[in-house]
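Structure, as structure tokens:
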Amino acid sequence: MNIYRAEGLAAYAEYAKAAGEEYAVAHELAQCAKVEVYHLLAAELFIRVKEARQAATVAFEKLTRFEGEMAVGR
């Protein structure tokens, strides 16, 4: 028997995915800093990091709202 609500599981999964993508892009940027063509790659990676950060922030806000709704509903 599953004791978790489907929307709660979806919110946590969405945040985990977004946070993972943010970490992966940030790691790629860090690795890129080690190479001589950093200036060619960095601009595109900074854009991707910003987009990933925004996606993670939106997902975290959804998660926070869900947790708030659950606290009120107790």
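Throughout, our numbering is defined as the position within the sequence shown, counted from one, plus 593.
Note that CB positions come from ideal geometry on N, CA and C, so glycine has one too.
Can the beta-carbon of residue i be found closer than 8 Å to that of residue j?
{"i": "residue 575", "j": "residue 616", "result": "Residue 575 lies beyond the range of the chain shown here (594 to 667); nothing can be said about it."}
{"i": "residue 602", "j": "residue 618", "result": "no"}
{"i": "residue 600", "j": "residue 648", "result": "no"}
Which of the three DSSP states, helix, strand or coil, is assigned to residue i?
{"i": "residue 605", "result": "helix"}
{"i": "residue 649", "result": "helix"}
{"i": "residue 598", "result": "coil"}
Should residue i go down as buried or exposed, given a rule of 16 or more other Cβ atoms within 10 Å for buried?
{"i": "residue 651", "result": "exposed"}
{"i": "residue 665", "result": "exposed"}
{"i": "residue 611", "result": "buried"}
{"i": "residue 656", "result": "buried"}
Alpha carbon to alpha carbon, how far is residue j from residue i? Give it in angstroms, no decimals.
{"i": "residue 624", "j": "residue 634", "result": "11 Å"}
{"i": "residue 604", "j": "residue 640", "result": "25 Å"}
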